[in-house]
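Notes follow the structure.
There are 2 protein chains.
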Amino acid sequence: MLPIRSYASDRMPTAAVLSIGDELVLGQITERNGGWLSAELLKLGLMVNEHRTVADDRLAICSALREMASRGALVVVTGGLGPTDDDLSREALADALGVELEEDGRALQNLLDVYRRRGRPMPVMNRKQALRPSGTRCIDNPHGTAPGIAARLGQSEVFLLPGPPNEMRPMFHDVVAPAVLGITARAGGLQIATASVHSCGLPESAAAQLIRPLMERGTNPLVGTTASGAVVTARIRAMGVAATDGALERAVQEVERAWAPYAFGRDGLTLPAALGEVLRRENAMLAVAESCTGGGVGAFVTSVPGSSCWFAGGFITYSNELKQELCGVSPALLAKHGAVSEEVARALAEGAADKCKCRFGLSVTGVAGPEGGSAEKPVGLVWVGLCDRGTGEAPVVTKARSFQLLGDRDTVRERIARVSLQWVRLAALGNGDVPLLWERPTQNVRA
Amino acid sequence: MLPIRSYASDRMPTAAVLSIGDELVLGQITERNGGWLSAELLKLGLMVNEHRTVADDRLAICSALREMASRGALVVVTGGLGPTDDDLSREALADALGVELEEDGRALQNLLDVYRRRGRPMPVMNRKQALRPSGTRCIDNPHGTAPGIAARLGQSEVFLLPGPPNEMRPMFHDVVAPAVLGITARAGGLQIATASVHSCGLPESAAAQLIRPLMERGTNPLVGTTASGAVVTARIRAMGVAATDGALERAVQEVERAWAPYAFGRDGLTLPAALGEVLRRENAMLAVAESCTGGGVGAFVTSVPGSSCWFAGGFITYSNELKQELCGVSPALLAKHGAVSEEVARALAEGAADKCKCRFGLSVTGVAGPEGGSAEKPVGLVWVGLCDRGTGEAPVVTKARSFQLLGDRDTVRERIARVSLQWVRLAALGNGDVPLLWERPTQNVRA
């Protein structure tokens, strides 16, 4: 086993990511390239050990380039390649290299071609985009005007790429990825491999307890958990030999066994996509009746391409009138128990399944907040109903369970959407009665 | 006017934000504290000029602290204050200061109190959380076990805060915010003030053209635009005297005038909240019938607390059967024109308004992709229908317009949700016929 503290500094080449822009550093827009680049570099076997974001400031960019290049094998820079006065990445790289800018003939020709295709002359200011520091080379940009720049700064390979993701990402794959493979090859091959396993419905502490031996520092592959709302993910990192000898896959399977039946998928598989796989296999259709989520469950479900094979649609019964008129909930039931109740959740679920002619009807009705809570029905209380009209001769079974969620309005709505879809998935797998995260400690699942 | 290049380096104090964590730097979870802290610091009149994220590595944290403290008046650090071996922020700060760690009696007592309230003994490893570098002070954490640490490193004030936002944010407001006011006061008062104006339905280039004089470098207040999906935002920054003499408000109003009727709100106001203000004033209710968005419009609308006053609910008519059975779209119409058509969009909008008894019925039906496109109806084509049942004697008016959106499935769905809600807002304001971003260049708005 590799002791984990040693891998980064002793032996493995590392990378760094620098993002340029006033809007980013002022928090006006969210920096997203750093996370994407880190994940892509990790897939290629290279660990990022620093992200940095600096303003449109020539000196700051130059200092960052020098510091970052002195620490690792690769620096990827995004932004600051536009045509305006505050696009300064070219100039800063020239400063860091101690050279002058010069015009790249091919890059200029590409620029002129872009504008010829657009049917208008190139603005004078754009000519600046054909400049690169002497001794460096330009990188073609198939989706925009700004070429990238590839350079060597000390022991580090430096790539300047444009900021817009649709321009940056193809250029990364075309030019940076091959360079990364060169870096890892010189260091002796794949240095690191990763995988992840997702679960929903387990508290993070319980999930971690179930895979404790895999999480001890010094273990390789090493497993860590991260919780994002209702989803707990095991992130598995195999270093050195373990990255290529099958140890990663064994660790993945171990986590999946430990987290059954809550583990729903690996890597990029989302919860609704996992639900879709189960429902397709069972040849079952789902319909929804949403109150406090207002359509969020349906939107989440239909984020999956092809979801029309297993999702019919349903009702957004935000007002009580629509609960009655669309889903057939009786006024007496609403008056007696209130909209956020076991009885109404059951009636909504049955209404959704019946009126949409689906095997499963799922309902969500709760107090999302920040207003509307009471002592009896506090903010965060949500009742979820699930009607299973069964197959063949099976009887209709409708259940409801209640959850008490913490967090603001968006958090409550997002979390219950996830937990309720996991309930449908588990029910379709015949495991609908296992406990779920945030359930209230009452006699819950009643038939 | 202040020349913009001079403000940061010459006169104004600046801040930096450092985030600690392997998961962050590896891109496994998204770093969010940096953007939040930048925005909060900007509100307090202090500009952030660097974000940095480093791994759980004592040397890397120490180097980052020293570099960042040498450049600004404030460094805010989040993460690395937990009880485990890879929580190293305390140690790294001690290294940067060149002092030893010592136990803080009050912090230890607070820790013991937390565990007494939880009814279990404090784990031995947590005792580490009461350590702080000699000569620094601990900051109470009302929502967790990790106290923060306040220190002075060179000319800079340094604050270590825990990573979880629900713990970090209150501590920022309690302790860091007052320190920031001290820093700006010593520099001569408020240094910078910002505001924003949001629009929807204008292309970014057209939006920028309309406010061009305000965007010229060297102008103060200075306006920049950012586009996020269908929303173009003007970010207005007033520096020095302009931050306090009313110039900011005048610039805000100038942008609002230039962007009428597309400007829908300022600062934190979202598009659905702005729609809600208009519908409440008009005493009008909205219902939806969603196909390709699958509930996303309803979810977006109900993200606004109190939206039940102006939003009733509606239908997720994902399947063609439900378009017929729930919304009363005739099978002949569907067979003749297909689900993604002007005629079906109109029928869905009318069905939503009628069946939900609302003044406005909004429908969305399109090809979200990645599959399902054709030459005639490509991926990204969306028809939006809007039925206005009017007030009093006014006749029912139903219109439909089509859009051609670029981007992946999520992007198409998110963008059309925004544009369609802006259409409802404009219609409720009597401006429903102005052109909208991404509309197809056909004879569109037909009564």
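Listed in order, the protein sequences are those of chains A and B. Take the first sequence: its position 437, counting from 1, is numbered 437 in my numbering, and each next residue is one higher. Take the position in the second sequence, starting the count at 1, then add 1000; the result is the number in my numbering. The beta carbon of each residue, even a glycine, is placed where N, CA and C say it ideally should be.
Give the DSSP-derived three-state secondary structure of residue 2 of chain A in the structure shown.
-> The count along the first sequence starts at 1 and reaches residue 2 of chain A at position 2. Confidence is the limiting factor: at residue 2 of chain A the pLDDT is only 34, short of 50, which leaves the residue's position unreliable and the question unanswerable from this model.
Name the DSSP beta bridge partners of residue 1196 of chain B, please?
-> In the second sequence, counting from the first residue as 1, residue 1196 of chain B sits at position 196. According to DSSP, residue 1196 of chain B bridges with B:1235.
Out of B:1365, B:1385, B:1386, B:1389, point me to the one whose CA is closest to residue 1378 of chain B's CA.
-> By one-based count along the second sequence, residue 1378 of chain B stands at place 378. That would be B:1365, whose Cα lies nearest to the Cα of residue 1378 of chain B.
Which runs of the beta strand (DSSP E) spanning at least 3 residues fall entirely within the stretch 1377-1426 of chain B, listed in chain order?
-> 1381-1388, 1397-1404
Are the CB atoms of residue 419 of chain A and residue 201 of chain A nearer to each other than 8 Å?
-> For the purposes of this step, residue 419 of chain A is identified with residue 419 of the first sequence, where counting begins at 1. For the purposes of this step, residue 201 of chain A is identified with residue 201 of the first sequence, where counting begins at 1. Against a cut-off of 8 Å, the Cβ pair of residue 201 of chain A and residue 419 of chain A comes out as a contact.
Per DSSP, residue 66 of chain A forms a beta bridge with which residues?
-> One-based indexing of the first sequence puts residue 66 of chain A at position 66. DSSP, once it has assigned bridges, lists no residue as partnering residue 66 of chain A.
is_contact[residue 1050 of chain B, chain A] using C-beta, thresh 8 Å | Position 50 of the second sequence, counted from the first residue, corresponds to residue 1050 of chain B. By this cut-off, residue 1050 of chain B is an interface position.
Excluding the 5 residues preceding and the 5 following residue 447 of chain A in the sequence, name in chain order all residues of the same chain whose CB lies nearer than 7 Å to its CB.
-> Translated into the one-based positions of the first sequence, residue 447 of chain A becomes position 447. Here the model assigns residue 447 of chain A a pLDDT of 43, short of 50, so the residue's position is not dependable, and the following value carries that caveat. Closer than 7 Å at the Cβ level, and outside the excluded window around residue 447 of chain A, lie 397, 399.
Which of helix, strand or coil DSSP assigns to residue 448 of chain A = Lying before the first or after the last residue shown, residue 448 of chain A is absent from chain A, which here runs from 1 to 447.
Residues in the stretch 24-49 of chain A having any Cβ partner in chain B nearer than 9 Å | 24, 25, 26, 27, 28, 29, 30, 31, 32, 34, 35, 36, 37, 38, 39, 40, 41, 42, 47, 48, 49
Residue from A:131, A:35, A:280 with nearest C-alpha to residue 90 of chain A | As a first step, residue 90 of chain A is located in the first sequence; it is residue number 90 there, counting from the start. Comparing Cα positions, the closest option is A:131.
Quick one: list the residues of chain C neighbouring residue 119 of chain A, beta-carbon separation under 9 Å, in chain order.
-> Protein chains in the displayed structure are A and B, and chain C is not among them.
Three or more beta-carbon pairs under 8 Å between the stretch 1348-1361 of chain B and the stretch 1308-1328 of chain B, yes or no?
-> yes
Check whether the Cβ of residue 267 of chain A lies closer than 8 Å to any Cβ atom in chain B.
-> Numbered from its first residue, the first sequence carries residue 267 of chain A at position 267. No, because no Cβ of chain B sits closer than 8 Å to the Cβ of residue 267 of chain A.
If you compare alpha carbons, which of B:1431, B:1033, B:1411 is closest to residue 1229 of chain B?
-> Residue mapping note: residue 1229 of chain B aligns to position 229 of the second sequence, counting from 1. The shortest Cα separation from residue 1229 of chain B among B:1431, B:1033, B:1411 belongs to B:1411.
Answer with buried or exposed for residue 1143 of chain B, where buried requires no fewer than 16 other C-beta atoms within 10 angstroms of its C-beta.
-> In the second sequence, counting from the first residue as 1, residue 1143 of chain B sits at position 143. Residue 1143 of chain B should be labelled exposed.
Could you name the residues of chain B that residue 142 of chain A contacts, counting a contact when the two beta carbons are closer than 7 Å?
-> Counted from its first residue, the first sequence places residue 142 of chain A at position 142. Simply none; closest approach about 16 Å.
Closer than 9 Å, Cβ to Cβ, to anything on chain B: give me those residues from the stretch 215-235 of chain A, in chain order.
-> 217, 224, 226, 228, 233, 235
Would you say residue 370 of chain A faces chain B, with C-beta separation under 8 Å as the test?
-> Here residue 370 of chain A refers to the residue found at position 370 of the first sequence. Yes, because at least one Cβ of chain B sits closer than 8 Å to the Cβ of residue 370 of chain A.
Residues of chain B with a CB under 7 Å from the CB of residue 356 of chain A: which are they?
-> The count along the first sequence starts at 1 and reaches residue 356 of chain A at position 356. 1322, listed in chain order.
Report yes or no: do three or more beta-carbon pairs, one from the stretch 1224-1240 of chain B and one from the stretch 1190-1207 of chain B, lie closer than 8 Å?
-> yes
Helix, strand or coil for residue 1283 of chain B per DSSP?
-> For this step, residue 1283 of chain B is matched to residue 283 along the second sequence. Three-state result, residue 1283 of chain B: coil.
Along chain A, in chain order, which residues have C-beta atoms closer than 7 Å to that of residue 1301 of chain B?
-> In the second sequence, the residue the question calls residue 1301 of chain B occupies position 301. Going along chain A in sequence order, the residues near residue 1301 of chain B (Cβ under 7 Å) are 294.
Rounded distance between the beta-carbons of residue 255 of chain A and residue 214 of chain A, thought under 8 Å | As a first step, residue 214 of chain A must be located in the first sequence, where it is residue number 214. As a first step, residue 255 of chain A must be located in the first sequence, where it is residue number 255. Contact holds; Cβ gap of about 7 Å.
Interface flag, residue 67 of chain A vs chain B, CB-CB below 8 Å | Position 67 of the first sequence, counted from the start, is the residue given in the question as residue 67 of chain A. Yes, contact with chain B.
What's the gap between the Cα of residue 1384 of chain B and the Cα of residue 368 of chain A?
-> Residue numbering aside, residue 1384 of chain B sits at position 384 when the second sequence is read from its first letter. Residue numbering aside, residue 368 of chain A sits at position 368 when the first sequence is read from its first letter. So the two alpha carbons sit approximately 29 Å from each other.
Express the C-alpha separation of residue 1049 of chain B and residue 208 of chain A in angstroms, rounding to a whole number.
-> Your numbering for residue 208 of chain A matches position 208 in the first sequence. Your numbering for residue 1049 of chain B matches position 49 in the second sequence. One C-alpha to the other measures close to 38 Å.
Anyone know if the C-beta pair for residue 278 of chain A and residue 360 of chain A falls short of 8 Å?
-> Locating residue 278 of chain A in the first sequence gives position 278, counting from the first residue. Locating residue 360 of chain A in the first sequence gives position 360, counting from the first residue. No.
Just how far apart, CA to CA, sit residue 1405 of chain B and residue 1066 of chain B?
-> Locating residue 1405 of chain B in the second sequence gives position 405, where the first residue counts as 1. Locating residue 1066 of chain B in the second sequence gives position 66, where the first residue counts as 1. Going from the Cα of residue 1405 of chain B to the Cα of residue 1066 of chain B covers about 48 Å.
Rounded C-alpha distance that separates residue 1094 of chain B from residue 1216 of chain B = Within the second sequence, residue 1094 of chain B is the residue found at index 94, counting from 1. Within the second sequence, residue 1216 of chain B is the residue found at index 216, counting from 1. Cα to Cα, residue 1094 of chain B sits roughly 46 Å from residue 1216 of chain B.
Using a Cβ-Cβ cut-off of 7 Å (strictly less than) and excluding sequence neighbours within five positions of residue 1294 of chain B, which residues of its own chain qualify?
-> For the purposes of this step, residue 1294 of chain B is identified with residue 294 of the second sequence, where counting begins at 1. Cβ within range, chain order: 1316, 1318.
Which value, in whole angstroms, describes the spacing of the CA atoms of residue 1102 of chain B and residue 1120 of chain B?
-> What you label residue 1102 of chain B is simply residue 102 of the second sequence in a count that begins at 1. What you label residue 1120 of chain B is simply residue 120 of the second sequence in a count that begins at 1. Taking the straight line joining both Cα atoms gives about 25 Å.
For residue 1186 of chain B, the three-state DSSP class (helix, strand or coil) = To locate residue 1186 of chain B, count along the second sequence from 1; it is residue 186. Note: residue 1186 of chain B maps to helix in three-state DSSP.
Using a Cβ-Cβ cut-off of 6 Å (strictly less than) and excluding sequence neighbours within five positions of residue 1304 of chain B, which residues of its own chain qualify?
-> Reading the second sequence from its first residue, position 304 is the one you call residue 1304 of chain B. Result list for residue 1304 of chain B: 1272, 1273, 1276, in chain order.
Which residue spans inside the stretch 1243-1316 of chain B form an unbroken alpha helix (DSSP H) run of at least 4?
-> 1247-1259, 1271-1282, 1296-1301
Where residue 31 of chain A sits in the DSSP three-state scheme | Position 31 of the first sequence, counted from the first residue, corresponds to residue 31 of chain A. Looking at residue 31 of chain A - three-state DSSP - the assignment turns out to be coil, as it is neither helix nor strand.
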